[in-house]
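Reading through the structure tokens given below for one structure.
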Amino acid sequence: MTTSNAIPSNLDIQSNVDLSAYNTMSLVCIADRVIDLHTEQDIEQASQILQQTTTDNSKKPSVLVLSGGSNVLLPKQLNITVLRPLLKGITVLNETTDYIDIEVMAGENWHELVVSSVNNGWFGLENLALIPGLVGASPVQNIGAYGVQLEDSLLSVKAYHLPTGVWHTISCEDCQFAYRDSLFKRQPNTWLISRVLLRLHKDPQRVSANYGDVQQVAQKHAQQHQRISIQPVDVMNAIIDIRKQKLPDPKDLPNCGSFFQNPIIAQAQFKQLQADYPDIVGYPMSDGQVKVAAGWLIEQAGLKGGGIAPILTHKNQALVLTNHAPKQASQADIQTSQQYISQTVFDKFGVLLQREPVWIDENL
Ligand SMILES: Cc1cc2nc3c(=O)[nH]c(=O)nc-3n(C[C@H](O)[C@H](O)[C@H](O)COP(=O)(O)OP(=O)(O)OC[C@H]3O[C@@H](n4cnc5c(N)ncnc54)[C@H](O)[C@@H]3O)c2cc1C
């Protein structure tokens, strides 16, 4: 890493940065310039610099917003500026006997927020334990796990609109959340989220444990602590246990979590598949469609632990693509393996798999 003196500012700017340690898939990537943002003033200042260095003023500056790098697939070379929102702080804004409103800055670690909330007696996030990444990225794909999504606890988001340089407070409704989707995901590198406002409840009896084996494992935790009923802390610890068993830790084996979204198909198609494959795993949606377990489809297509080396599905969890050549494999290797897996699944089931992590183009 070298420090650039080209632009006079007190910003934390570096050039020719190797990002292989900044993405959990450990793909090779060199970025022209990286600016670490510690305050909202830093965001404004960085935006001004970007506008100055953008030749055509009407054009959106070419930037990539990068937080924990756990949901991105980076190209070998990024000839643009990478903005890293690392703002810290958690503030209580409002509290009643039933709930508490907290404002969390974008650079806070998501899992640490979940643990500290539950320890404080503030509930609602426990099902989202152990999701890697930073808080600012959590609204981008409306993070979700074990029957709960971020939108269930989110009141609003404060975000900077990079093309115009204007701050916006965006309500939960205006974030246009959907399954692993939001306004921010549909307009990439246009918004820079600096804080999120969450409403967490205080009722220890209100838990969401009816998903997979959460109930059973949480029950064991509750019994160990002589609690008559399951409490949020039991759900959180159960989910931590389950995730540790099922998902490889990116530090040991680079990955970016679930690589494919669970496809949503029409009920008629699901029934047809069920006739041929009675064990098919599907979850009925409120709109009548069915969410099919992508991991099951991949496994049944004979691809558990398969793919094209060095990018292979995990031996215990077919939904996760893992990189067996850290800091050497590139985006092209991902594409080759992804195409092979998708095509094999489509040929067998007629179901199209969609990628979940964000594909970053070399020329944004
Ligand atoms: C082992 C593992 C398990 C996972 N499990 C889950 C899971 O259960 N559920 C789930 O939903 N996800 C899961 N993920 C995916 C990932 O953890 C989440 O999507 C997480 O929110 C990404 O956070 P990040 O800080 O790493 O974001 P990054 O990967 O850095 O960025 C992701 C996207 O958000 C944008 N972005 C980042 N920060 C900001 C910001 N401040 N403002 C605007 N845009 C921004 C980026 O440009 C990019 O498009 C998992 C990943 C791994 C590696």
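Mapping of the sequence shown onto the working numbering: residues -14 to 349, in sequence order.
We put the beta carbon where it would ideally sit given N, CA and C, even for glycine.
Of all alpha-carbon atoms in T329, V142 and D261, the one lying nearest the alpha-carbon of A286 is that of T329. By the Cβ test, the region 59 to 66 is not in contact with the region 90 to 102, since fewer than three Cβ pairs between them sit closer than 8 Å.
With a cutoff of 8 Å on beta-carbon distance, G109 and M90 are scored as not near each other.
In this structure, the beta-carbon distance from I293 to Q274 does not fall below 8 Å. The Cβ-Cβ distance between L185 and Y84 falls below 8 Å. In the structure shown, L168 falls within a helical segment according to DSSP collapsed to helix, strand and coil. The beta carbon of S5 is closer than 8 Å to those of S11, L12, V13, C14, P311 and K312 in its chain, skipping five residues each way along the sequence.
Judged by beta-carbon spacing, S55 lies within the 8 Å limit of P117, meaning their Cβ atoms are closer than that value. As computed with DSSP, P70 is found in a beta bridge with L22. With respect to the 8 Å criterion, Q126 and S167 are classified as neighbours on the basis of their beta carbons. Taking 7 Å as the cut-off, one finds at least one heavy atom of ligand 1 near enough to the beta carbon of F169. Distance from the Cα of T81 is smallest, within the candidate group L68, W107, L98 and V57, for W107. Across the set L115, Q216 and Q209, the C-alpha of L115 shows the shortest separation from the C-alpha of C241. Counting C-beta pairs with one atom in each stretch, the region 202 to 222 and the region 298 to 310 have fewer than three that are closer than 8 Å, which means they do not touch. Between P233 and H309, the CB-CB gap reaches or exceeds 8 Å. With a cutoff of 7 Å, R165 counts as near ligand 1, since its C-beta is closer than that to a heavy atom of the ligand.
The DSSP-derived three-state label of L63 is strand. The alpha-carbon separation between K289 and W281 amounts to approximately 9 Å. With contacts defined as CB atoms closer than 8 Å, V99 and V67 fail to qualify as a contacting pair. Scanning its chain for C-beta atoms nearer than 7 Å, with the 5 sequence neighbours on each side dropped, one finds around A31 the residues L(-4), I20, L22 and L68, in chain order. Proximity to L337 across A279, Q316 and D318 peaks at A279, based on C-alpha coordinates. Judged by the Cβ position, G54 qualifies as a neighbour of ligand 1 at the 7 Å threshold, a heavy atom of the ligand being closer than this.
Taking a C-beta distance under 8 Å as the contact criterion, I283 and L58 do not qualify as a contact pair.
As a beta-bridge residue in DSSP terms, P269 pairs with V275. Taking K276 as the centre and dropping the five residues before and after it, the same chain places the C-beta of N247, I249, G267, Y268 and M270 closer than 7 Å to its C-beta, in chain order.
In the three-state DSSP reduction, Q339 falls in the coil class, being neither helix nor strand.
The nearest non-hydrogen atom of ligand 1 is 7 Å or more from the C-beta of G291.
The Cβ-Cβ distance between R171 and G129 does not fall below 8 Å. CA-to-CA, the gap between H146 and R340 works out to about 26 Å.
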